[in-house]
Structure formats: C-alpha cells, structure tokens
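Going down the list, the protein sequences come from chains W and B. Using our numbering, you'd call the opening residue of the first sequence number 343 and step up by one each time. Using our numbering, you'd call the opening residue of the second sequence number 343 and step up by one each time. Backbone N, C-alpha and C define an ideal beta-carbon position, used for all residues, glycine too. Each remark here refers to the structure printed beneath this line.
2 protein chains.
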Amino acid sequence: MSEPVSEGGQRRARLTRERVLQGALSVADSGGLGSLTIRSLAKELGVKPMSVYYHVANKDEILDALVDIVFGEIDLPVPGRDWRSELRRRAHSARQVLARHRWAIGLLESGSSPGPANLRHHDTVIATLREAGFSAEMTAHAYALIDSYVYGFALQEAALPFEGPESVGEVAEPIMELMGAGEYPHLVEMATSYYMQPGYDFGDEFVFGLDLILDGLERSLGLG
Amino acid sequence: MSEPVSEGGQRRARLTRERVLQGALSVADSGGLGSLTIRSLAKELGVKPMSVYYHVANKDEILDALVDIVFGEIDLPVPGRDWRSELRRRAHSARQVLARHRWAIGLLESGSSPGPANLRHHDTVIATLREAGFSAEMTAHAYALIDSYVYGFALQEAALPFEGPESVGEVAEPIMELMGAGEYPHLVEMATSYYMQPGYDFGDEFVFGLDLILDGLERSLGLG
DNA sequence: ATACGCTAACGTACTTTGTACGAAGGTGCC
DNA sequence: GGCACCTTCGTACAAAGTACGTTAGCGTAT
C-alpha cells in the first residue's frame, strides 16, 4: 500500500505542487494577497511552513503560478466564429475572473515571464483577431485597447472599498465628509445624484465601454 | 537663531513631513516600491529609521500620500473648453505620470480613501464632462471608460520587462524560447512580424485606443 | 538664571515574514 | 539488514514595521 493512511484516522493527503498552489489560491481568495504568507499557507495545508519549499522554489514562484492559474480561468475566444461576440464573451469572462480574484490584478505588474495559460490566451485572442481580418497592426492596436480596458476596469473595481451593489451609501459617507463644504461640487453632485442611488453597481458600467470599443473596432475593420 | 546650523559644517535641514514624502518619492522612483522601506527612506533622508515616525503615522500613510502626490502631477482638464482636446490632454498627462512613476499603478488598488489631489482631479474631470453636455449617466460611463483605459494601459506598460523602444528583441528571446516549437504560432508570428521590429514602442499604441474612445464618446454625445 | 515642558530625533527591542541549512522519518530495492 | 531516496520538519537568521521610552536642545515663566 502506498497510501499514506494509517490507523485511527485519515492521514492528510500527500503534499503536491498542485495542492500547494490550490491552497495559495484559496488563502488569497479568502483574505487577499496580504494574508498569503508561507506560514498561513502551511496552516491551510495542514503542514509546517518549510514543507512548502520542497514543492516550490520560493514565494515568487507561487505568485507567478497563481497568475497563470487565474489566466487559465478566463474563457478563450473561438477563432473563426464571429469575432465581436467571441471577444465580448472573453472580456466579460476576464472581468468576472478578476473580480473573483481581486488580488490578481496587482500581480500583473510584476513583469515576470508569462506562464503557459497566459501564452495560450494571448495566442488564441490574436488568432481570433487575425482570422477576423485584422491586420497585424490593427491586431496590436485592438489587443492593447481591449486589454487595457479590461485590466483597468478590474483595477478600478479592486480599488473600490466595497463590492457589488451593496450599500454604496455607507462607505461613501466618510468620503463625503472629506469633501468638505463646497469643495468638489461636481463630484458631490454626481455622487448623490447617481453613484449613491440605490441599486447602482459600478460593475454595470463595464458593458457600455466594452460595446463602445467593439463598435469602434468594427468601424476600423471596415475601413482597413 | 532658530537655524539648526552649528559650527564646522552644515547641519542637515530639519525633517518635515514634506521632506519625508519627497524622499519616499525619490526612493520609489529609483528602485521601485520594493526598495522603499522605512530604513532605506531614513538613509535617503540622512536620519535614523524611527525619526520618520515623528512626521508620519506609519508606512501606509506614506503610500497614501504618494498616491496623492502622483495624482497631483496629472494635468487637469479645463472645464468649458473643448472637452475632447481637454480630456485627450489629461489622458496623455496621466499616462506620462504613471510611466514616470511605474510603481504608482500598484498602489491604486489599495482602496484607501482618496486624497485632496485625487478628489480635485475627479471633480474637475466631471465638471469638464458635464459642461460639455454629458448627462450624469453618460458622465459616469465616460469617466469609467476613460480611466479604465488609462489605468489599464499604464498597468500593461508597468508589466513590460523593458521600457520604451529599447531593444525589445533582447528581452523577447527568453520568452520566445518558452513558446516552444509550434505552440502559440499566432503569438510568435505577431511577435516577430510586429512587436520585435526595430523602433516598435508599445507606448505608441496609446493614441489609437484613446482616439477611438473619444470618437465613440462624441458619437454618444450626439445621440444623447 | 533656573526649572519646566515641548519638540524632534533616536536606541532598543519585539513581531512578522521569507527562507537557508541540515536532520529525521519513512519507503522501496538490493 | 543496509542503503538511497523522497518528503517533511526544526532551528535559526535577516529584513522590515513599529511600540515604547529616552535624550538633547530650546523657549518661556518664574
């Protein structure tokens, strides 16, 4: 028997790189990147801190792997099908994934070399654009534009002190106080007449910009 | 004389909150956020670590202040003038500022309460849009769209392992190796036929997307 | 002038974190 | 049984944030 299960109760499953990374993902999702330490990860896995290092070189390797795992969760477009709806679907998926893993957006700037899921992702998006008739130059333009929008939107969502449509008013109050009397009148007007209205959800702003961008790209494609 | 200059050489200027923040800015610009520690900051200022804490509550307060300093460097649009050129100018300024302080984009997700420069900035942009005839709803749409694009573009620039048009080829080689034989064909084709061409600068992609977005907003404004 | 109290800088030390180094326990093969 | 290995862990150190109390210099009231 190679099963590490002995008498009197289930012995914990063997540690693997997979389990280490899944544990790291879980910890980060629960408490953010700041709560992800080797020690907290070890506790999550039910082992001692230094055991992690047998399966992973260092913490940076964990973070790089997390980025690639997150990329892997994003729906890929299907090259050859209608490029607009495919890219639209991919963009929405990316936003959902980045909203699910709020901490991930901060790791993108690390500049580490991209993982396989990241490369696969890039390759598929490029394929979708090229097959739709975009030139190399227009593909680069379109890709930079779409990803800037998606990442930037995710970044702004991550910067919000709340999530979803829940109680914008409560969190806004201390900020409103900072605005003081009469300074920032336009900001206050927008906040009270729009952002703080019940039911407002910043996430809903996503579709407007995305469709505007896709419209613009379609127009550019027609001209090219 | 309240001058802290004594005999035999210039005594260092008194520490102030201003000098602490400028020093932090300087350290971060030189070596990135990672190199900004209380100890490195103290060394930069020529004092001992704990001296910093007389002028600043903690490190987070320093980081928050840095964000606001960076916001303060962005050109404000002028409400009432042609909104397109004003917002265009502001967007370019924002990109330049965020490229000058690559580390700043990572601080935006911290979700801390915005500083005065940040609020002033928001207020002025909103004013520009409202005076141009945008409804409250369209103002929110436009603002979210433009800032997502600007921040996302800056984020992607910060993620690049190099800066400017310098030697994309050199850095690309190890990445190209990762791509392996035959996987990611479209990505390789784009890289060799476009990104790695001499003179290519990712930063040049900015104008395309920005103009596309402004075009789209102008069209939306006409319909509204 | 002397004492008092405030300001600004600092010294010491504790905590958290990443991780180097090597030992310990188990397992399969000869 | 002995040995090589794979995996886990114990110990310990360095870097970093910062709590706490101390000290030197200065202005002001007595």
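Alpha-carbon spacing of residue i relative to residue j, whole angstroms
{"i": "Leu529 of chain W", "j": "Glu499 of chain W", "result": "18 Å"}
{"i": "Leu565 of chain B", "j": "Gly373 of chain B", "result": "48 Å"}
{"i": "Glu515 of chain W", "j": "Ala407 of chain B", "result": "21 Å"}
{"i": "Pro346 of chain B", "j": "Gly453 of chain B", "result": "At Pro346 of chain B the pLDDT is 40, less than 50, meaning the model places this residue with poor confidence; the figure from the coordinates comes in the next sentence. About 40 Å."}
{"i": "Glu473 of chain B", "j": "Ala533 of chain B", "result": "44 Å"}
{"i": "Phe476 of chain W", "j": "His463 of chain W", "result": "18 Å"}
{"i": "Asp465 of chain W", "j": "Leu449 of chain W", "result": "21 Å"}
{"i": "Ala459 of chain B", "j": "Arg432 of chain B", "result": "14 Å"}
{"i": "Gly422 of chain B", "j": "Leu471 of chain B", "result": "9 Å"}
{"i": "Leu375 of chain B", "j": "Asn400 of chain B", "result": "15 Å"}
{"i": "Gln539 of chain W", "j": "Phe504 of chain W", "result": "15 Å"}
{"i": "Ala523 of chain B", "j": "Glu531 of chain B", "result": "13 Å"}
{"i": "Ala501 of chain B", "j": "Glu451 of chain W", "result": "4 Å"}
{"i": "Ala441 of chain W", "j": "Ile447 of chain B", "result": "18 Å"}
{"i": "Trp570 of chain B", "j": "Ile411 of chain B", "result": "The structure shown does not extend to residue 570 of chain B, since chain B is modelled only from 343 to 566, so the question has no answer here."}
{"i": "Leu461 of chain B", "j": "Met518 of chain B", "result": "44 Å"}
{"i": "Arg444 of chain W", "j": "Pro391 of chain B", "result": "33 Å"}
{"i": "Gly541 of chain B", "j": "Val389 of chain B", "result": "45 Å"}
{"i": "Leu357 of chain B", "j": "Lys385 of chain B", "result": "13 Å"}
{"i": "Gly558 of chain B", "j": "Glu560 of chain W", "result": "12 Å"}
{"i": "Val513 of chain W", "j": "Ser535 of chain W", "result": "16 Å"}
{"i": "Ser427 of chain W", "j": "Ile380 of chain B", "result": "50 Å"}
{"i": "Tyr395 of chain W", "j": "Tyr395 of chain B", "result": "36 Å"}
{"i": "Ile488 of chain B", "j": "Ser393 of chain W", "result": "46 Å"}
{"i": "Tyr537 of chain B", "j": "Tyr537 of chain W", "result": "41 Å"}
DSSP state of residue i mapped onto helix, strand, coil
{"i": "Met392 of chain B", "result": "helix"}
{"i": "Phe548 of chain W", "result": "helix"}
{"i": "Val513 of chain B", "result": "helix"}
{"i": "Asn460 of chain B", "result": "helix"}
{"i": "Leu405 of chain B", "result": "helix"}
{"i": "Pro527 of chain B", "result": "helix"}
{"i": "Phe495 of chain W", "result": "helix"}
{"i": "Ala399 of chain W", "result": "coil"}
{"i": "Val467 of chain B", "result": "helix"}
{"i": "Ser455 of chain B", "result": "coil"}
{"i": "Ile416 of chain W", "result": "coil"}
{"i": "Met480 of chain W", "result": "helix"}
{"i": "Thr534 of chain B", "result": "helix"}
{"i": "His443 of chain W", "result": "coil"}
{"i": "Leu502 of chain W", "result": "coil"}
{"i": "Asp489 of chain B", "result": "helix"}
{"i": "Met518 of chain W", "result": "helix"}
{"i": "Leu357 of chain B", "result": "coil"}
{"i": "Ile423 of chain B", "result": "Going by the sequence as given, residue 423 of chain B is Arg instead of Ile. Note: Arg423 of chain B maps to coil in three-state DSSP."}
{"i": "Leu567 of chain B", "result": "For residue 567 of chain B there is no data in the structure shown, the boundaries of chain B being 343 and 566."}
{"i": "Gly475 of chain W", "result": "coil"}
{"i": "Gly448 of chain B", "result": "helix"}
{"i": "Asp410 of chain W", "result": "helix"}
{"i": "Gln438 of chain B", "result": "helix"}
{"i": "Gly373 of chain W", "result": "helix"}
{"i": "Ser344 of chain W", "result": "Confidence is the limiting factor: at Ser344 of chain W the pLDDT is only 38, short of 50, which leaves the residue's position unreliable, though a coordinate-based value still follows. Ser344 of chain W falls in the coil class under three-state DSSP."}
Nearest neighbour of residue i, chosen from the options [CA to CA]
{"i": "Leu520 of chain B", "options": "W:Pro456, W:Pro503, W:Glu479 and W:Glu525", "result": "W:Pro456"}
{"i": "Val409 of chain B", "options": "B:Leu363, B:Gly422, B:Val549 and B:Asp417", "result": "B:Leu363"}
{"i": "Val467 of chain B", "options": "W:Val394, W:Ser377, W:Tyr526 and W:Ala478", "result": "W:Tyr526"}
{"i": "Val439 of chain B", "options": "B:Leu405, B:Gly414 and B:Asp424", "result": "B:Gly414"}
{"i": "Ala486 of chain W", "options": "B:Glu386, B:Val420, B:Leu554 and B:Gly388", "result": "B:Leu554"}
{"i": "Asp543 of chain W", "options": "B:Glu479, B:His443 and B:Ser427", "result": "B:Glu479"}
{"i": "Phe548 of chain W", "options": "W:Leu387, W:Ala469 and W:Ser435", "result": "W:Ser435"}
{"i": "Val405 of chain W", "options": "W:Leu461, W:Tyr536 and W:Ser368", "result": "Note that residue 405 of chain W is Leu in the sequence shown, not Val. Nearest of W:Leu461, W:Tyr536 and W:Ser368 to Leu405 of chain W, Cα basis: W:Ser368."}
{"i": "Leu563 of chain W", "options": "W:Val492, W:Thr481 and W:Met518", "result": "W:Thr481"}
{"i": "Asp402 of chain W", "options": "W:Leu378, W:Tyr537, W:Ile416 and W:Ala469", "result": "W:Leu378"}
{"i": "Ile416 of chain W", "options": "W:Val492, W:Tyr395 and W:Ser393", "result": "W:Val492"}
{"i": "Ala469 of chain W", "options": "W:Val420, W:Ser393 and W:Tyr395", "result": "W:Val420"}
CB-CB length for residue i against residue j, believed under 8 Å
{"i": "His483 of chain W", "j": "Gly551 of chain B", "result": "7 Å"}
{"i": "Leu383 of chain B", "j": "Ala355 of chain B", "result": "The pair is not a contact, with the Cβ atoms about 16 Å apart (cut-off 8 Å)."}
{"i": "Gly494 of chain B", "j": "Ser490 of chain W", "result": "4 Å"}
{"i": "Arg437 of chain B", "j": "Ala496 of chain B", "result": "6 Å"}
{"i": "Leu556 of chain B", "j": "Leu418 of chain B", "result": "Their Cβ separation, rounded to whole angstroms, is 17 Å, which puts Leu556 of chain B and Leu418 of chain B out of contact at 8 Å."}
{"i": "Arg359 of chain W", "j": "Leu387 of chain W", "result": "Not confirmed; about 12 Å, so no contact."}
Cβ-heavy atom distance, residue i to the ligand SAH, below 7 Å
{"i": "Gln498 of chain W", "result": "Of the ligands one can find in the structure shown there are none, so the ligand SAH has no counterpart to examine."}
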